[in-house]
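What follows is a set of notes on a single structure, which appears directly below.
Numbering (this note's numbering), first residue to last: 628 to 819.
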């Protein structure tokens, strides 16, 4: 600890220990709810739509399936589109969709997929239209509920539609199939 040669380091009057040097607060710390910079979303909020401190494995598995399957499909078609998970669409601390498909070489975000569970679905339907407004390059947005295994298409007008495919990349891509993977846990059968 650097001190001025004429002044001894300050001590805490209660403990007698040297006083800790004050540290500056980072922008992330200032923007976080708990002041430590660990999370921007309260712990009781559902996972998704931002930085979640404890994402569920089903949530992460759905994201991994989308990335792997869409990436493989783009390679098979020799298309210059790249799926990337959880990247900020704009400046630091901006919206972070779970999956974003970018066009190369411009790196424009064309399609976003938000993965949620049943409790977080309403919030996802409210947030995605805002992303359309803020990021005009986004042409299509989907919400995938991994608990109900349903995929919803959200057009720019904000009214959800049942559509599980996109034609954005020249050919039909069945996004509902892209949510599936070889390591998915077995789903519980409904009592009907």
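Here a beta-carbon is modelled for each residue, glycine too, at the ideal position from N, C-alpha and C.
- In terms of Cβ geometry, residue 742 and residue 781 do not form a close pair [threshold 7 Å].
- For the pair residue 724 and residue 703, the Cα-to-Cα distance works out to about 25 Å.
- Taking C-alpha positions only, residue 803 is separated from residue 689 by approximately 11 Å.
- Of the other Cβ atoms in all chains shown, 16 or more fall within 10 Å of the Cβ of residue 747; this residue is therefore buried.
- A contact is defined here as three or more CB-CB pairs under 8 Å, and the segment 784–792 fails this definition with respect to the segment 731–741.
- In the three-state DSSP reduction, residue 792 falls in the strand class (E or B).
- Under DSSP, residue 770 shares a beta bridge with 741 and 779.
- With respect to the 7 Å criterion, residue 765 and residue 759 are classified as neighbours on the basis of their beta carbons.
- For residue 727, the pairing in a beta bridge is given by DSSP as 711 and 739.
- The Cβ neighbour count for residue 699, taken over all protein chains shown within 10 Å, is under 16; the residue is labelled exposed.
- DSSP places residue 799 outside both helix and strand once states are collapsed to three, so it counts as coil.
- Distance from residue 808 to residue 691 at the Cβ level is roughly 7 Å; contact confirmed, criterion being Cβ atoms closer than 8 Å.
- For residue 716, there is no enclosing alpha helix (DSSP H), as DSSP marks it with neither H nor E.
- Burial check for residue 767: the Cβ neighbour count within 10 Å reaches 16 or more, so the residue is buried.
- For residue 740 against residue 709, the beta-carbon gap comes to about 14 Å, at or over 8 Å, which does not count as contact.
- Comparing C-alpha distances from residue 762 to each of 697, 717 and 701 shows the shortest one belongs to 717.
- Comparing alpha-carbon positions, the option among 785, 737, 719 and 644 lying closest to residue 750 turns out to be 785.
- The residues 779 and 781, in chain order, have a CB closer than 6 Å to that of residue 787 in the same chain once the five nearest residues on each side in sequence are set aside.
- The straight-line gap separating the alpha-carbon atoms of residue 737 and residue 769 is approximately 12 Å.
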